[in-house]
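Once you know that position 101 of the sequence shown is 101 in UniProt numbering, the rest is easy, because the numbers rise by one and skip nothing. From the three backbone atoms N, C-alpha and C, an ideal C-beta is built for every residue, glycine too. All of these numbers come straight from a predicted model, not from anything done at the bench. Below is one structure, written out as structure tokens, with a few remarks after it.
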Amino acid sequence: SRVENLYKKYETYHGGEQLFAIPVTDYPQLDKIKKDLTLLQRLYSLYNKVLDTVAGYFDIAWTDVNIDKINQELSDFQTACRKLPKGLREFPAYHALKKTIDDFSECCPLLEMMSNRAMQHRHWQRIAEVTGVRNLDVDSEDLRLRNIMDLPLLQFKEDIEDICISA
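Here's what the structure looks like:
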């Protein structure tokens with residue numbers, strides 16, 4: 001990148017100044033920019049990994065969803081997010097990352113209840129009624145986690161929990 005090229009030139013000139021006993025020129029802004037970019041690279045690397053993983057979740061067939069695995073991966077992402085330097089918490093990308101992880105994590109207990117094998121067609125009909133969805137065909141091979149996540153789950157969390165508990 002351009003910053004890396006500038007930094008290499010800086011190091012070359014810095015070495016030359018030392019070699020010829022010339023007063024060394026400092027560029028504190030360049031050091032700060034390099035440090036900031038290194039931190040941002042960590043943030044965006046995690047951000048992209050989370051987005052790719054969540055997008056992958058959405059494409060999983062509902063019958064193949066493994067909530068325990070998803071919970072574990074989300075927990076790992078939450079830990080990685082917490083371990084990011086505090087200076088990164090000011091960036092909008094950090095807030096978007098945290099929101100993506102937290103929102104999906106909040107749905108996981110409901111998804112776990114909904115994926116219970118005791119859930120019958122009548123329970124899914126009640127969930128469809130509660131959420132205002134007309135066609136929710138859980139027997140379809142085309143049903144993906146995306147379709148379930150598109151439902152207003154958190155808005156009707158208590159109702160859905162009651163339906164799942166009654167299964």
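Where the alpha helix (DSSP H) containing residue i begins and where it ends
| i | result |
| --- | --- |
| Lys131 | In the sequence under discussion, the amino acid at residue 131 is Thr, which differs from the Lys named in the question. 121-131 is the span of the alpha helix (DSSP H), which, as asked, contains Thr131. |
| Arg82 | 67-82 |
| Glu90 | Here Glu90 belongs to no alpha helix (DSSP H), and DSSP marks it neither H nor E. |
| Gln18 | 2-19 |
Collapsed DSSP secondary structure at residue i in the structure displayed
| i | result |
| --- | --- |
| Ala118 | coil |
| Ala167 | coil |
| Arg144 | strand |
| Ala61 | strand |
| Ile160 | helix |
| Ile33 | helix |
| Asp139 | coil |
| Asp102 | helix |
| Pro109 | helix |
| Glu52 | This sequence places Asp at residue 52; Glu is not what is there. Asp52 falls in the helix class under three-state DSSP. |
| Arg42 | helix |
Among the options, the one whose alpha carbon lies nearest that of residue i
| i | options | result |
| --- | --- | --- |
| Gln120 | Ser166, Pro23, Leu151 | Ser166 |
| Val50 | Gly16, Asp31, Ser105 | Ser105 |
| Pro85 | Ala128, Thr63, Thr38 | Thr38 |
| Arg89 | Ala61, Asp36, Val130, Val65 | Asp36 |
| Asn48 | Arg117, Ala96, Asp103, Gln125 | Ala96 |
| Glu4 | Ile22, Gln18, Phe20, Ile33 | Ile33 |
| Lys99 | Val24, Arg82, Arg144 | Arg82 |
| Leu74 | Thr63, Asp64, Asp52 | Asp52 |
| Leu40 | Asn147, Tyr94, Pro23, Thr79 | Tyr94 |
| Pro109 | Val133, Asp64, Ile160, Thr79 | Ile160 |
| Leu46 | Asn147, Thr63, Ala80 | Ala80 |
| Arg117 | Pro23, Thr63, Gly132, Gln72 | Thr63 |
| Ser115 | Ala21, Ile148, Gly16 | Ile148 |
| Asp150 | Ala55, Gly15, Tyr7, Pro23 | Ala55 |
| Glu158 | Leu6, Thr131, Gln72, Asp103 | Thr131 |
Nearest-angstrom beta carbon gap, residue j and residue i [assumed within contact, 8 Å]
| i | j | result |
| --- | --- | --- |
| Leu136 | Cys107 | Between Cys107 and Leu136 the Cβ distance is about 16 Å, and since that is not below 8 Å, they are no contact. |
| Glu112 | Ile67 | 4 Å |
| Arg126 | Ile163 | 5 Å |
| Ile60 | Phe77 | Their Cβ separation, rounded to whole angstroms, is 17 Å, which puts Ile60 and Phe77 out of contact at 8 Å. |
| residue 176 | Tyr27 | Residue 176 cannot be examined here, being either before or after the span of the chain that is shown, 1 to 167. |
| Phe58 | Arg144 | 6 Å |
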